[in-house]
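Trainee: Per our numbering, the very first residue in the sequence shown carries number 2; after that it's consecutive.
In this text, a Cβ means the ideal position worked out from N, Cα and C, and glycines have one as well.
As the structure is a prediction and not an experimental result, all values here were calculated from the model.
Sending over a structure as structure tokens; questions will come in a sec.
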Amino acid sequence: MWLTPEEVLLKNALKLWVTEKSNNFFLLQRRRGHGESAGKISGLLVGALDTVLDSNARVTPFRILLQVPGSQISWVIASGAAIEEVNKHWDWLVHNLLHSLSVFENKEDVASFVKGKVKGLIAEETRGRQAAQENDPEKFREVLLKFELHFGLPPSEKLVTHYSCCCWKGRVPRQGFLYLSINHMAFYSFLLGKEVKFVIPWAEVTRLERVSAGLMTEVIRVCTRQRQRDFSMFLNLDEAFGVIGQLADIALRRLLDSEGLELDRILQQPTRITKRVLEEQALREYVLALFRLPRGERLHEVASCSVWTPHARCHTAGTLYTTDSYLCFSSREEGNCTLLIPLSEVLSIEKAESTSLLANPVIVSVRSKKAFQLIELQDRDDLVESLNSRLRALQWKCSMFRSKPHGKRAVSCPAPYYTFYYDTMYSDGDEIEEQVLRNTVNTEALMTAFSQSLPGSDDHDSKSMEHVKERLWEEHFSEYGRGVHMFRTDKIQKLVAMGIPESLRGELWMTFSDACSELVAHEGYYANLVQKSMGQSSLATEEIERDLHRSLPDHPAFQNPTGIAALRRVLTAYAHRNPKIGYCQSMNILASVLLLYAKEEEAFWLLVAVCERMLPDYFNRRVIGAQVDQSVFEELIRERLPDLAEHFADLSPLSSVSLSWFLTLFLSVMPFHSAVCVVDCFFFCGIKAIFQLGLAVLDANATQLYASADDGQALMILTSFLDQVRRDEPSSPPSSPPTEEETSSSASVGHRYITELINDSYEKFGDLSVRQLERLRCRHRIQVLQAHEDTTKENALRVVTPDVSISPEDLADVYELFKTEHFINLYWGDGGTVQHHDPGRPYLEQYRVDRAQFKSLYVLLTPWLCGAIHTDTVANRTFTLLDQDRDNLITFREFACWLDTFYCEELNEKIQLLYRLHIPPALTESEDDSSLMKSPLLSTTRPLFVDLPSGVEVEVKDYQEQLKQMLKDLVKEKQKDVEKPPPPMNQREFIQFCKTLYSMFHGNPEENDLFQAIAKVTSLVLQIGEAGHRGHCLASEVGGQEETESTQEVAEGNSEVHAIFGAEGGDDWDNETRCGSNSRSENEWTVSYSQILASLLTEQALVNFFEKPVDLSAKITEAKEKQYHQRAGLLMLQHGIS
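Here it is in structure tokens:
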């Protein structure tokens, strides 16, 4: 296949490659060792290297290089796995390009021509591949051509899908087509000779809604900061709404926070996004959320089937999902019956003989001597083969990378509870204890040593209740299974609502979260992590130390050094494992509770499960995940509690108080023993349990909230209610889970007991599904990210506004242009200087532009263009001048100050800026390389070290040097806030200055008068320069060299004294000193800024030109219209397409 040309060193390439064919411009090479007979050492080494690399890093065995005669640099332009494929590309190059290249005289032109042709071939192949991925390739190819024709975007703007729709303007519909690409949504319509088209970047979308209004049925409303658009369609409304939400969500996560938010690797590569990929990703996100799997799991197969459920004595119909490491089953009605089988627990996957009652059965045997039966599987053979392939790979990986086994695994379990039972040759007596961790790691849960009784409760009644719960759970285990692959039904949900007994809490938390699989797969990992992390100092460890004694301070376990040390190890180890998260507040509270009921290593893996799987994007610097769920919770209030939503005009106070509910799982707002029951529900149901319980809390207090006078009183009502929720058990413990009638009758008494509150949440809001929550999260993440963007913009403008005179409205528009230029580089750039938006940087540095982006903005916003060629030169000098820290990036403050000078400052400031553009560092010997004129910066504040023989003279000299240094420092302190006039300009620089002025006047209505005026000024300044030059020459002839040096020293000393004491004539001394500091020879022709300014002021035409106000608002409006098309056209030219 053709490749984007990439440079390689030919001499290095020859060590790993063998040339098969060659001519003056191209080489066809074979990877050394490929296709060779065994025995050659070089071939074996290269072959071994390619073998150990993973699939993404392996090198194809054949390639074609573009070479320029006499150069050591070549470019890879094609590669292939088979010689036949590469030969086709070779023949095309020989027949179509080789003859044409011989006529080129310049070697660089040869390389540019070939690279342009190859990029064109790649673009054509991309269109073909993209069309082939669709259901109707020919139709999609036609749509793709229309999309490129109508909107003129670069070929890298990949079209995903399109829909026929109506765009509404008030009550008037306009029929057309909606095009959805990776970075934009675009609409085109042509009716009755009128063309309507517009493009909306996903980065500008702030809200997505489905609404009904007036005569319209239902429309998709897309809101930006400027306006809203409504689209309706007869078909595919649900599909279109889902795709729009996905694309907007993906684009914002990729553009605004690509490192902070979890995003699948495929979605980080926009060119790979298709409609089919979006559908697969939506399903994958749902499966990960439903079964709370690791975020890196890939979804492989989805198949309808039925599973034998022994507790129901029948087959339950549902869907089987297979991932890298799991088999997952969910019944047709979400939540009725789910099953999770880690592949690490599977011994075999076999096909059984089909019968009339059992169609296409498959038997999955697990280590606990049990087996699961799946029937009615379509494509059974392919499914079993794929599963066995992954199973073998996993078993091989375990055997290679895990430590030596210490014996057969424990497989103790109650009597078999499945229809199929297979003897796996294991016996219960073969159990061997796991390797004991090193002494610093606790091997028991803290609750075993530091128990805490309920206040005001009878220990006998509590123990009796615990025994009853344990008996109910043991009965459940015997019927539904025990361990991670137990059947999870509504019955277990009722048991969890009652509260898990303390003796089983840690085990069941590990089971429900599947943290046990991670623990088994990473034996010894935590102990090694503790050894590496303890003793290291970082910002995270400082925050951990500060919060250690704030974690459940009333519990005896954390009033003891043992509990504090265990909490420190768990939090520090996790911060070391995941530095992207590190440590966030509320993690200490969660880890404390985990340590109470689970062993230390188990608590660590439970924390990993919560932070990385069950609450994704919660524990980062901006807690985006928690804010998204707050926004979702607000919408659920409007939907499920409409009367309450109508009573509160603004729901933000209610949603804001819920932040601690989500971050700490109610642990910070409820009594401890009640909140632990909420944690039980969370590990079983996931975040859905917190949403349901939050709605139940609001519903239980609805009457009081209606009567509240203000938001403060409403918050007090909720705080008081949650503080009084108790786990006060009835005197006679139940013998079975409560029935619905018992639940409803107890609910009428009040919601002071946590069990009643949890049951009420399941009864009233249990229909809330994981699929619904994931769709809401997708839409509300857009709003949250855009709210953060608004905050960034407000703070950036607040900091810059005092420094400029541009109106706030115009400054806000300039900020949007600046940010859009940054995004355009991310859309279609080559990934050069600016990679992505970094929200961790200061507000003014979150968006920065490089030299090419600045030139584009310069052309759009400069008040005076200087012709096609010279404008680029002046823009380049301006960038060099503004880039004071020399990092090849300009911040918004620097850009705004430059713009303010030209549009809002006085004439002398404008002239001074133009003047500075024509002296170093802006003007260089080579316009292409600004580094040639850079001079080293000398520090005058570094301490003085003298390494000379001791003596009086040395001491005196040392004292004099220190005194001189002190004088210089005082001068710098005094002049720090005083603006220095620019250094003088030599003859070459003045000629460049005049050239710029002539270019600026070209095309102006008053250009004749301006040309005459600048000619007079030029003549006058040249005369001044000549006169000064002659004076310097005469002075140098009369004076001697020694006298000149002494005069310079006196002048330097006097300038320091004048600067310190403010004597008159200090400016003259400063000018003389400045001339010397800029390495200007006394015999060199120079003119000063004040001389040029005075000369310009003698010509009224020039004064009128520079004082004439320029409408910045009109310039901004024009720039908004041109920005996209200008960059798109330039990029198309660079790709050799236009």
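1. Between which two residues does the alpha helix (DSSP H) containing V104 stretch?
2. Can you say whether E503 is buried or exposed, counting buried as having 16 or more other CB atoms within 10 angstroms of its CB?
3. For the beta strand (DSSP E) that contains E196, what are its first and last residues?
4. Tell me which residues share the same chain as Q714 and place their Cβ nearer than 8 angstroms to its Cβ, disregarding the 5 neighbours each side in the sequence.
5. Excluding sequence positions up to five away, which residues of its chain have a Cβ less than 8 angstroms from the Cβ of L1?
6. Using the beta-carbon count (16 or more within 10 Å), is T310 buried or exposed?
7. Confirm, please, whether the CB-CB distance from Q73 to F27 is below 8 angstroms.
8. For N25 and L102, I'd like the C-alpha separation in whole angstroms.
9. Quick one: which unbroken alpha helix (DSSP H) runs of 4-plus residues sit fully inside the region 657-701? Chain order, please.
10. Specify, as a first and last residue, the run of the alpha helix (DSSP H) that W1086 falls within.
11. Quick one, which of K820, T997, C329, E822 has its alpha-carbon nearest I870's?
12. Could you give the residue range of the beta strand (DSSP E) that holds Q68?
13. F684 and F513 - do their beta-carbons sit closer together than 8 angstroms?
14. Count the other CB atoms, across all protein chains shown, that sit within 10 Å of the CB of F232; report buried if there are 16 or more and exposed otherwise.
15. For G626, report the span of its alpha helix (DSSP H) as first-last.
16. Expressed to the nearest angstrom, what Euclidean distance is found between the alpha-carbon atoms of G536 and E298?
17. Give a yes or no on contact between the region 529-543 and the region 630-647, applying the rule of three or more CB pairs nearer than 8 angstroms.
18. Using a Cβ-Cβ cutoff of less than 8 angstroms, which residues in the same chain neighbour V1022 once the five nearest sequence positions on both sides are dropped?
19. Is it buried or exposed, E810, if we count other Cβ atoms within 10 angstroms and call 16 or more buried?
20. Given 8 angstroms as the limit, is there contact between the region 571-580 and the region 482-489, that is, 3 or more CB pairs closer than that?
21. List in chain order: all unbroken alpha helix (DSSP H) runs of 4+ residues lying wholly within the region 492-544.
22. Where do the N-terminal and C-terminal ends of the alpha helix (DSSP H) with P138 fall, by residue?
23. Drop a sphere of 10 angstroms on the beta-carbon of P6, count the other beta-carbons inside from all chains shown, and report buried for 16 or more, exposed for fewer.
24. Are there three or more Cβ pairs, one per stretch, closer than 8 angstroms when the region 354-372 is compared with the region 330-339?
25. Need the endpoints of the alpha helix (DSSP H) that S721 sits in, please.
26. So M1001 and C867 are supposed to be a Cβ contact under 8 angstroms. How far apart are they, rounded?
27. Output yes or no for whether 8 angstroms exceeds the beta carbon distance between E158 and I183.
28. Given that a residue counts as buried once 16 or more other Cβ atoms are within 10 Å of its Cβ, and exposed if not, what is Q885?
29. Between the C-alpha atoms of L664 and L591, what's the straight-line distance to the nearest angstrom?
30. Pairs of beta-carbons, one from the region 720-727 and one from the region 666-682, closer than 8 angstroms: are there three or more?
31. For S593, which residues in the same chain have their Cβ closer than 7 angstroms to its Cβ, ignoring the five residues on either side in sequence?
32. Let me know the secondary structure DSSP gives I267 once reduced to three states.
33. Just how far apart, CA to CA, sit G500 and L774?
34. For D548, which residues from the same chain have a beta carbon less than 6 angstroms from its beta carbon, with the 5 sequence-adjacent residues on both sides left out?
35. Are three or more beta carbon pairs between the region 837-855 and the region 786-804 nearer than 8 angstroms?
36. Under the DSSP definition of a beta bridge, which residues are partnered with H163?
Mentor: According to the structure shown:
1. The residue you call residue 104 lines up with position 103 of the sequence shown. Taken as a continuous stretch (DSSP letters only), V104 belongs to no alpha helix (DSSP H), as it is neither H nor E.
2. Translated into the one-based positions of the sequence shown, residue 503 becomes position 502. The residue is buried, with at least 16 neighbouring Cβ atoms inside 10 Å.
3. The sequence position of residue 196 within the sequence shown is 195, counting from 1. It spans 195-202 - the beta strand (DSSP E) in which E196 sits, taken as one unbroken run.
4. Translated into the one-based positions of the sequence shown, residue 714 becomes position 713. The answer is none, since no qualifying residue turns up.
5. Past the boundaries of the shown model lies residue 1; the chain is included only from 2 to 1139, so the question cannot be answered.
6. Reading the sequence shown from its first residue, position 309 is the one you call residue 310. Label assigned to T310: buried.
7. In the sequence shown, the residue the question calls residue 27 occupies position 26. In the sequence shown, the residue the question calls residue 73 occupies position 72. Not closer than 8 angstroms, so no.
8. Mapped onto the sequence shown, residue 25 falls at position 24. Mapped onto the sequence shown, residue 102 falls at position 101. Their backbone Cα atoms lie some 9 angstroms apart in a straight line.
9. Counting only runs of 4 or more, we get 660-665, 673-686, 688-701.
10. Within the sequence shown, numbered from 1, the residue matching residue 1086 stands at position 1085. W1086 -> no alpha helix (DSSP H), and no H or E assigned at all.
11. The residue given as residue 870 occupies position 869 in the sequence shown. With distances taken between Cα atoms, I870 lies closest to T997.
12. Taking the first residue of the sequence shown as 1, we reach residue 68 at position 67. Counting along the chain, the beta strand (DSSP E) containing Q68 begins and ends at 63-68.
13. The residue labelled residue 513 in the question sits at position 512 within the sequence shown. The residue labelled residue 684 in the question sits at position 683 within the sequence shown. At a Cβ-Cβ threshold of 8 angstroms, F513 and F684 count as neighbours.
14. Indexing the sequence shown from 1 puts residue 232 at position 231. With 16 or more other CB atoms across the displayed protein chains lying within 10 angstroms of its CB, F232 is buried.
15. Counting from one through the sequence shown, the residue named residue 626 turns up at place 625. Counted as a single uninterrupted DSSP element, the alpha helix (DSSP H) harbouring G626 occupies residues 625-641.
16. As a position in the sequence shown, residue 536 is number 535, starting the count at 1. As a position in the sequence shown, residue 298 is number 297, starting the count at 1. Rounded to the nearest angstrom, the two C-alpha atoms are 34 angstroms apart.
17. The region 529-543, when compared against the region 630-647, does not touch it at the 8 angstroms Cβ threshold.
18. Taking the first residue of the sequence shown as 1, we reach residue 1022 at position 1021. In the same chain as V1022, and ignoring 5 residues on each side of it, the C-beta atoms closer than 8 angstroms to its own belong to F991, V1088, Q1092, I1093, S1096, in chain order.
19. Within the sequence shown, the letter at position 809 stands for residue 810. E810 should be labelled exposed.
20. Touching, no, given that fewer than three Cβ pairs across the two stretches are closer than 8 angstroms.
21. Fully enclosed alpha helix (DSSP H) runs of no fewer than 4 residues occupy 503-514, 516-522, 526-534 of the region 492-544, in order along the chain.
22. Stepping through the sequence shown from its first residue, residue 138 is reached at position 137. Segment 138-152, the alpha helix (DSSP H) holding P138.
23. Stepping through the sequence shown from its first residue, residue 6 is reached at position 5. That one is buried.
24. The region 354-372 makes no contact with the region 330-339: fewer than 3 CB pairs, one atom from each, lie closer than 8 angstroms.
25. For the purposes of this step, residue 721 is identified with residue 720 of the sequence shown, where counting begins at 1. Boundaries of the alpha helix (DSSP H) around S721: 712-724.
26. Translated into the one-based positions of the sequence shown, residue 1001 becomes position 1000. Translated into the one-based positions of the sequence shown, residue 867 becomes position 866. At roughly 5 angstroms, the Cβ-Cβ gap stays under 8 angstroms, so M1001 and C867 are in contact.
27. Against the sequence shown, residue 158 aligns to sequence position 157. Against the sequence shown, residue 183 aligns to sequence position 182. With respect to I183, E158 sits close: the two C-beta atoms are nearer than 8 angstroms.
28. Here residue 885 is taken as the residue at index 884 of the sequence shown, counted from 1. Classification of Q885: exposed, given that the 10 Å Cβ count is below 16.
29. The count along the sequence shown starts at 1 and reaches residue 664 at position 663. The count along the sequence shown starts at 1 and reaches residue 591 at position 590. Their backbone Cα atoms lie some 9 angstroms apart in a straight line.
30. Judged by Cβ distances under 8 angstroms, the region 720-727 makes contact with the region 666-682, as three or more pairs qualify.
31. Indexing the sequence shown from 1 puts residue 593 at position 592. In its chain, beyond the 5 residues on either side, S552, L553, F559, L568 have a beta carbon closer than 7 angstroms to the beta carbon of S593.
32. Position 266 of the sequence shown, counted from the first residue, corresponds to residue 267. Judged by DSSP in its simplified three-state form, I267 adopts coil rather than helix or strand.
33. Taking the sequence shown and counting its residues from 1, one reaches residue 500 at position 499. Taking the sequence shown and counting its residues from 1, one reaches residue 774 at position 773. Using only the alpha carbons, I get a separation of about 25 angstroms.
34. On the sequence shown, position 547 is the one that residue 548 refers to. Excluding sequence neighbours, D548 sits near N589.
35. Verdict: yes, contact present.
36. For the purposes of this step, residue 163 is taken as the residue at position 162 of the sequence shown. H163 pairs with Y180.
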